[in-house]
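I have placed the structure first, in the form of structure tokens, so that the comments after it can refer back to it.
Residue numbers (the UniProt record's numbering): 1 to 71.
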């Protein structure tokens with residue numbers, strides 16, 4: 001499974017290169033991923049933090065996405 005973070009709403013997750021206006025809310029993506037089964041591999045890509053980024057909220061989104069994976 002491939003999760004490209006560019007799908008997220010840039011108002012909720014700003015560290016992306018190709019923002020999608022009115023994208024998916026982070027919790028919605030977590031909910032969708034948590035419904036999957038039989039996943040044997042996954043990649044979460046396209047986080048593009050600025051040089052001085054240290055956003056704990058965005059780190060938490062990634063932790064929740066990773067935790068929702070069914071393996």
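Backbone N, C-alpha and C define an ideal beta-carbon position, used for all residues, glycine too.
- For the pair of segments examined, the stretch 20-31 was found not to touch the stretch 43-52: the number of CB pairs separated by less than 8 Å stays below three.
- In the structure shown, the three-state DSSP call for residue 43 is strand.
- Residue state for residue 37 is assigned as coil, using DSSP reduced to three classes.
- Counting along the chain, the unbroken alpha helix (DSSP H) around residue 61 starts and ends at 56-68.
- In this structure, residue 65 sits near residue 3, with a CB-CB distance shorter than 8 Å.
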